[in-house]
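Here this note's numbering is used: the first residue of the sequence shown is 27, the next is one more, and so on. Cβ coordinates follow ideal geometry from the N, Cα and C atoms, glycine included. Given the structure is predicted, the values throughout are model-derived calculations rather than measurements. Beneath this line is the structure, given in structure tokens, with notes to follow.
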Amino acid sequence: MPRSRRKGGYASVSRAVYAAMRKALGRHTWAIGLLESCSARGPATLRHHDATLGVLRTAGFSVKAAAHAYALLDSSTYGFALQEAALPVNGRDTAASATDPIVQMFSAGDYPHLMEIATEHVLQPGYDFGDEFEIGLELILEALQRWIPESGVGPKVAAPTG
């Protein structure tokens, strides 16, 4: 991960790094469960952890806030990659084939909110579950920005202390 010398530059670096990590995990879905389960970390993994924390600290995150931010970004990326790998659809406009039998169950009226999401969002032309990753990452980065003292973004929110 490249170092970011500007305050707030962590967001653009994080965007690129976590998008690349998600793509790599998508190509190697077998690795999702293995990456963080090893008891001994190799030098490349340690360099990645250190560089990521360095970007966050350089951006102005306190030690605790950097630890929280790193855990949040990492777990969100791994979790999304795991969910994406488990879905029976992959890519734009592939949801209809997998969701048709499910939508038939919804049509009885027992699951009105699921039916609404399916018909008005998931089954619309151009839908790709993968797009949800960027939306979630943006929300996380915007929220984390408020943990940087004097970032000039929104009201200041203290980073969790626990």
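**Rounded straight-line distance, which links the Cα of Ser133 to that of Pro127** = Whole-angstrom Cα-Cα distance: 10 angstroms.
**Prompt:** What's the gap between the Cα of His75 and the Cα of Ala169?
**Reply:** Distance from the CA of His75 to the CA of Ala169, rounded to the nearest whole angstrom, comes to 21 angstroms.
**Request:** Look at the alpha carbon of Ala50 and the alpha carbon of Pro69, and state the distance between them as a whole number of angstroms.
**Result:** Cα atoms of Ala50 and Pro69: separation of roughly 19 angstroms, rounded to the nearest angstrom.
**Request:** Find out if the Cβ-Cβ distance for the pair Asp157, Gly117 is shorter than 8 angstroms.
**Result:** The answer is no: Cβ separation not under 8 angstroms.
**Prompt:** At what residues does the alpha helix (DSSP H) containing Ala122 begin and finish?
**Reply:** Counting along the chain, the alpha helix (DSSP H) containing Ala122 begins and ends at 121-132.
**Item:** Cβ neighbours of Met27 in the same chain (closer than 7 angstroms, five flanking residues each side left out)
**Value:** Here the model assigns Met27 a pLDDT of 47, short of 50, so the residue's position is not dependable, and the following value carries that caveat. Val39, Val43, His74, Ala77, Thr78, Val81.
**Message:** Suppose the cutoff is 7 angstroms on Cβ atoms and the five residues either side in sequence are ignored; what does the same chain contact list for Phe87 look like?
**Reply:** Once the five neighbours on either side are set aside, the close Cβ partners of Phe87 are Ala95, Trp173, Ile174.
**Message:** Using the three-state DSSP reduction, which class does Pro151 fall into: helix, strand or coil?
**Reply:** For Pro151, the three-state secondary structure derived from DSSP is coil.
**Message:** I need the boundaries of the alpha helix (DSSP H) containing Phe106, first residue and last residue.
**Reply:** It spans 89-112 - the alpha helix (DSSP H) in which Phe106 sits, taken as one unbroken run.
**Asked** Got a sec? Which residues, its chain only, sit under 6 angstroms from Met47 by beta carbon, not counting five neighbours each side?
**Response** Hits under 6 angstroms: Thr103.
**Request:** Check Glu160 in the structure and name its three-state DSSP category.
**Result:** Glu160 sits in a helix when the DSSP states are folded into three classes.
**Request:** Starting from the Cα of Leu140, find the closest Cα among Thr125, Gly152, Pro151 and give me that residue.
**Result:** The shortest C-alpha to C-alpha distance from Leu140 to any of Thr125, Gly152, Pro151 is the one to Thr125.
**Asked** Looking at the unbroken alpha helix (DSSP H) that takes in Ser40, where does it start and where does it end?
**Response** 36-53 is the span of the alpha helix (DSSP H), which, as asked, contains Ser40.
**Helix, strand or coil at Trp173 according to DSSP, with G and I counted as helix** = The DSSP-derived three-state label of Trp173 is coil.
**Request:** Would you check if the distance between the CB atom of Ala85 and the CB atom of Gly52 is smaller than 8 angstroms?
**Result:** In this structure, Ala85 sits away from Gly52, with a CB-CB distance that is not shorter than 8 angstroms.
**Item:** Cβ neighbours of Pro114 in the same chain (closer than 7 angstroms, five flanking residues each side left out)
**Value:** Contacts found: Ala124.
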